[in-house]
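Line by line, the protein sequences are chains V and B.
If you're matching positions, the first sequence starts at 4 in the working numbering and goes up one per residue.
If you're matching positions, the second sequence starts at 59 in the working numbering and goes up one per residue.
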Amino acid sequence: MPAVQETIDQVRLIDVDQYKYGFETEVEMEKSPRGLSEDVIRFISAKKGEPEWMLQWRLDAYKRWLTMKEPAWARVSYDKIDYNDIYYYAAPKKNPAPKSLDEVDPEILRTYEKLGIPLREQEILAGVEPQRRVAVDAVFDSVSVATTFKEELAKAGVIFMPISEAIREYPDLVKQYLGSVVPVTDNFFATLNSAVFTDGSFVYVPPGVRCPMELSTYFRINEKNTGQFERTLIIADKGSYVSYLEGCTAPKRDENQLHAAVVELVALDDAEIKYSTVQNWYPGDAEGRGGIYNFVTKRGDCRGKNSVITWTQVETGSAITWKYPSCILRGDNSRGEFYSIAVSNGMQQVDSGTKMIHLGKNTTSRIISKGIAAGRSENTYRGLVSAHRKATGARNFTNCDSLLIGNQCGAHTVPYIESKNATAVFEHEATTSKISEDQMFYCQQRGLSEEEATALIVNGFVKDVLQQLPMEFAVEAQKLISISLEGSVG
Amino acid sequence: MADVTLMKTPAETALAQAFESAKTLLPGNVESRAQAFELFTQRGLPHRRVEEFKYTDLRAFLREIAPFASAPSVDEAKAALADAKALAGIEALQVPFVNGHLVREAVDFHNLPENVEIVPLTEALADNHDWLAKLSPVKWASENPVYQLNTSFMADGVMIRIAGPVETPIHLRFVTSAASAVATATRILVVVEEGASVTLLETHESTNGANHQPNDVVELIAGDRTNVQHVRVNAEGDRALALSTLAAKIGGEAVFNSINVVAGSATSRHQVFAVLDGENTNLRVNGATMLKGTQHADSTLVVEHAAPHCESRELFKTVIDNEATGVFQGKIIVPHHAQKTDGRMMSAALLLEEGGSMNNKPELEIFADDVQCAHGATCGQLDEDLLFYLMARGLPKKEAESLLVQAFLGEALEFVENEAAREALIGTVEAWLKARS
Chain V
4 MPAVQETIDQ VRLIDVDQYK YGFETEVEME KSPRGLSEDV IRFISAKKGE
54 PEWMLQWRLD AYKRWLTMKE PAWARVSYDK IDYNDIYYYA APKKNPAPKS
104 LDEVDPEILR TYEKLGIPLR EQEILAGVEP QRRVAVDAVF DSVSVATTFK
154 EELAKAGVIF MPISEAIREY PDLVKQYLGS VVPVTDNFFA TLNSAVFTDG
204 SFVYVPPGVR CPMELSTYFR INEKNTGQFE RTLIIADKGS YVSYLEGCTA
254 PKRDENQLHA AVVELVALDD AEIKYSTVQN WYPGDAEGRG GIYNFVTKRG
304 DCRGKNSVIT WTQVETGSAI TWKYPSCILR GDNSRGEFYS IAVSNGMQQV
354 DSGTKMIHLG KNTTSRIISK GIAAGRSENT YRGLVSAHRK ATGARNFTNC
404 DSLLIGNQCG AHTVPYIESK NATAVFEHEA TTSKISEDQM FYCQQRGLSE
454 EEATALIVNG FVKDVLQQLP MEFAVEAQKL ISISLEGSVG
Chain B
59 MADVTLMKTP AETALAQAFE SAKTLLPGNV ESRAQAFELF TQRGLPHRRV
109 EEFKYTDLRA FLREIAPFAS APSVDEAKAA LADAKALAGI EALQVPFVNG
159 HLVREAVDFH NLPENVEIVP LTEALADNHD WLAKLSPVKW ASENPVYQLN
209 TSFMADGVMI RIAGPVETPI HLRFVTSAAS AVATATRILV VVEEGASVTL
259 LETHESTNGA NHQPNDVVEL IAGDRTNVQH VRVNAEGDRA LALSTLAAKI
309 GGEAVFNSIN VVAGSATSRH QVFAVLDGEN TNLRVNGATM LKGTQHADST
359 LVVEHAAPHC ESRELFKTVI DNEATGVFQG KIIVPHHAQK TDGRMMSAAL
409 LLEEGGSMNN KPELEIFADD VQCAHGATCG QLDEDLLFYL MARGLPKKEA
459 ESLLVQAFLG EALEFVENEA AREALIGTVE AWLKARS
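Set out below in structure tokens:
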């Protein structure tokens, strides 16, 4: 059966012509020379006041990148990107490194106000409604313009700062972990990012510490002809816990802008990282003009035993999405989770999914993915679950549904399931009842239909995490997860 | 991604030489062979960077090309067929091939059952027979390098036309008896006219364990309201590298039911390309694969629902013992207009021992919004609880395992309509399990 009306209406609410964040901020910007060269990389590195080793790291990456070919395996098509026609660095001219909020250009502050991102700590504290507090790192094009609650977090021992600052202040930590999850040579876009990354967040949670508040980064692309290359590194030391949220928007433009980020997560023994994304980059117009090319490498390393990494993503934006948040389950008993809702409208193309790589003993992973394609969009789920020789007792459960609205769009599923261990048990959408027969029974006993019960249980997983989203944009996410996948095609 | 191959591997060079020397000797039009070989050469032997061959790297598996087999003498052929065991004893019209060449003496062309017409491919090619135009009905196959190699080298085969209901099954029996490794390339075309029905048995075996390299293609064009039952058995020797393709184009309100049972070959790859070309057609493609030692078996499947209101069911079961590797790649394609499609694809693998591997890739490509497509994949060990239950009732472990494996593979076999064939397949499973314990 086709999609139910309620779903169609809800998807319509976030159609490409409904994009709310498409405004532009008039700020005078300082940019690197157009194009990519060693000089540009030196320029970026100098702007950030980086030590020599960092510059060297970037230059090595650049040399490597020159030898690499852009990947073509994803089910997306786009005009060739001219990497020499982009500005790799753009920062507000007036005080690119403000010491406090008072020094930040009021135009930029207004931008974040409009986006609904709280940057003033006292405002948050004096909020009419009792809100949960969120520390925000606001990245505007190539620089972080404000990071809130730094002092309070520091009291708990949590380091939360722009990565360019961390390179200067905590070089040892950065050196130890940067590139340890996503190696410089990992893939075309990650290597490019390693050469030219500008800002992003750095988080370190010391052993045994439960981070006292949510951390978040809000990425905003503003300037024309630029690309954003952010780099985020989160380290949860033994027994610690951190929840991190990421949001992104960009102005409406006819040009395509490149966003090639790298996110690395490291969870040591007994640590837990929750990483949530609400990706709402400008998706282009109904005819497919403009929009962000979102080529992102996100990977978490469950390095320690009993560690947990959870990826939650709500994807509604970008002209093209190429993104596979993954978990390397190295530590024994570690767990990886991936919850995703990807809605594509207009001419959007999404090729997204996850990789769960089971290396350690008794590692478990769960993948819940929902893809909704409307308009003339293409929505592909691409996922890998693999168990290596030593991953005794590994377990995976995958459930991916897709729904089409209209017959101009496409929904595709490309799962790879590779097992090299006899004791590994992998189930890819075997049956819905496999979610948990007990839970299903319980729900059905109380009068819910099988469909309702499944929806409740599947949504339950996702809601659990998404309800934690404190920001304005979370409202949309909440709406999205309640979307019925009745009539899903498989 | 089509990588440009500048350097030819020794096997590719050998293939090019073999084609040069064979092309004028092979029957029929050189042109079409050369075209196919040119297409093959453009990309060369597929390797793991080629998505469709990600898990079966032919460049690595095919390091040396065996010489193409010549036709056997009548006595040789007789001896080879006398030894043939696969699906033996089932009453059927025998169409035997030895070393990739049709044994004409064994087929009474003038006394065929009602509604059956058979033309040897060599004759058809030499006479430029009308039916040749029907070859290559499925584009997915034509784009495939294994199929292209077959088109380049096909030395023999038959074209069968089924004009109405045929009771007696037709048994295409392939036996390789050459003492040392040979390569063979056979092509079968079966045209089933509107309203006709037939059962096709297809078996592949060798009288010795040499590392033969068969490449077999069966093409089927089934009209509206046809019913075709197809049972294929790969019982090649333990060192064979067996490549095979089934390309089927099925009309409306038809039934096509095909199963491939793998019980032999060091390396095998069976590709099914099926296009459902008329409404309300019912397709079932099953696979039952038994692997041991370091065997490698690949089942690759593309089902295109080119018409609305069709139903397809794909069930592949793989049992992996020792350090063997199983591969399943399936893809269901539903274009915009194929509304009300109902497709279900399932691959299940059992790993009996540490060291085995299974790679599953059940893909869906859907463009229509009112369809149902499901795909599933599982892999794991035998259920401990079930084993315990059986052992608690006094069965030794191996026996308990055998029983469970039989039940597991049985699910794929139970759709075989021909009772004698089904029994024989169950016998094959039992024999495999017996050899194991």
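Don't be surprised by glycine CBs; every beta carbon is placed ideally from N, CA and C.
| query | Using the beta-carbon of each residue, which ones in chain V are nearer than 8 Å to B:GLN439? | reply | ALA425, THR426, VAL428
| task | Along the beta strand (DSSP E) that carries V:ASP144, what are the first and last residues, could you check? | result | Per DSSP, V:ASP144 belongs to no beta strand (DSSP E) and is neither H nor E.
| field | Cβ contact (3+ pairs, closer than 8 Å) linking the segment 231 to 242 of chain B and the segment 178 to 185 of chain B | value | As far as the Cβ criterion goes, the segment 231 to 242 of chain B does not touch the segment 178 to 185 of chain B, which means the pair count is below three.
| request: Taking all protein chains shown into account, decide if B:GLN50 is buried (16 or more other Cβ within 10 angstroms of its Cβ) or exposed. | output: Coverage of chain B is limited to positions 59 through 495, which leaves residue 50 of chain B absent and any answer about it impossible.
| task | Identify every residue that forms a DSSP beta bridge with B:VAL177. | result | B:MET217
| message | Please identify the residue among B:VAL385, B:ILE484, B:THR71, B:ILE176 whose C-alpha is closest to the C-alpha of B:THR114. | response | B:VAL385
| field | Nonlocal neighbours in the same chain, by C-beta distance under 6 Å from V:GLN471, ignoring five residues either side | value | Below a pLDDT of 50, predicted positions are generally treated as unreliable, and V:GLN471, at 48, falls in that range; the measurement from the model is reported next regardless. Within the same chain, V:GLN471 has no close Cβ partners at all.
| query | Among B:GLY86, B:ALA74, B:VAL88, which has the Cα closest to the Cα of B:ARG101? | reply | B:ALA74
| What are the complete alpha helix (DSSP H) segments, minimum 4 residues, inside the segment 32 to 106 of chain V? | 41 to 50, 55 to 69
| request: Have a look at the DSSP bridge pairing and note the partners of B:ARG402. | output: B:ARG371, B:ALA432
| field | Under 8 Å by beta carbon: chain V residues contacting B:HIS394 | value | ASN410, GLN411
| task | Enumerate, from N- to C-terminal direction, the unbroken beta strand (DSSP E) stretches of 3 or more residues contained entirely within the segment 268 to 338 of chain B. | result | Every unbroken stretch of the beta strand (DSSP E) spanning 3 or more residues and falling wholly within the segment 268 to 338 of chain B is given here in chain order: 271 to 280, 285 to 293, 299 to 308, 313 to 320, 325 to 334.
| field | Closer than 8 Å at the beta carbon, the chain V residues around B:LYS419 | value | VAL417, PRO418, TYR419, ILE420
| query | What residues in its chain sit with their C-beta under 6 Å from that of V:ALA253, if we drop five residues either side in the sequence? | reply | ILE224, TRP284, TYR285, ILE295
| query | Is V:TYR221 helix, strand or coil when you go by DSSP? | reply | strand
| query | Can B:ALA268 and B:ALA236 be called in contact, C-beta distance under 8 Å? | reply | yes
| CB-CB under 6 Å to V:SER167, same chain, minus the five flanking residues each way: which ones, in chain order? | LYS51, ASP202
| message | Just to confirm, is the Cβ distance from B:ILE176 to B:VAL204 under 8 Å? | response | no
| Identity of the residue in V:ALA427, V:LYS358, V:GLY349, V:THR366 nearest B:GLY413 by Cα | V:ALA427
| query | Which residues share a DSSP beta bridge with V:ILE120? | reply | According to DSSP, V:ILE120 shares a beta bridge with no other residue.
| Neighbouring residues, chain B, relative to V:VAL362 (Cβ below 7 Å) | Here residue 362 of chain V is Leu; the residue named in the question, Val, does not match the sequence. Under the 7 Å cutoff, chain B gives no residues; its nearest Cβ is about 15 Å from V:LEU362.
| message | Alpha carbons only, please: which of B:GLN206, B:ASP166, B:GLY147, B:ALA199 is nearest the one belonging to B:LEU97? | response | The candidate whose alpha carbon is nearest that of B:LEU97 is B:GLN206.
| Nearest-angstrom Cα separation, counted from V:CYS251 out to V:SER372 | Straight-line Cα distance between these residues: approximately 21 Å.
| Cutoff 6 Å; reference V:VAL311; Cβ partners in own chain excluding five residues on either side | GLU275, ARG338
| task | With distances taken Cα to Cα, identify the nearest neighbour of V:THR10 among V:ALA390, V:TYR22, V:LEU104, V:ILE375. | result | V:ILE375
| query | Any idea which residues DSSP pairs B:LEU491 with across the strands? | reply | Its beta-bridge partners do not exist; DSSP assigns none.
| Spatial neighbours of V:GLU226 in its chain, beta-carbon cut-off 6 Å, leaving aside the 5 residues before and after | Closer than 6 Å at Cβ, skipping near neighbours: MET32, ALA93, ASP144.
| B:LEU453 lies in the alpha helix (DSSP H); which residues open and close that run? | Taken as a continuous stretch (DSSP letters only), B:LEU453 belongs to no alpha helix (DSSP H), as it is neither H nor E.
| said: Taking the alpha helix (DSSP H) that B:TRP198 belongs to, which residues open and close that run? | reply: 197 to 200
| Which runs of the alpha helix (DSSP H) spanning at least 4 residues fall entirely within the segment 229 to 272 of chain V, listed in chain order? | None, since the segment 229 to 272 of chain V contains no complete alpha helix (DSSP H) of that length.
| query | Is the beta carbon of B:GLU263 less than 8 Å from the beta carbon of B:ASP282? | reply | no
| How far does the beta strand (DSSP E) with B:ASN344 in it reach, from first residue to last? | 340 to 349
| said: What does the Cβ neighbour count give for V:TYR384, buried or exposed, with the cut at 16 atoms within 10 Å? | reply: Counting Cβ neighbours within 10 Å, V:TYR384 comes out buried, since at least 16 surround it.
| request: Might you give, ordered along the chain, the residues of its own chain that have their beta carbon closer than 8 Å to the beta carbon of B:ARG480, omitting 5 neighbours on each side? | output: LEU471, GLU472, VAL474
| task | Less than 8 Å between the CB atoms is what I'm expecting for V:VAL30 and V:ILE120, so what's the real figure, rounded? | result | About 16 Å separates the two Cβ atoms, so there is no contact after all.
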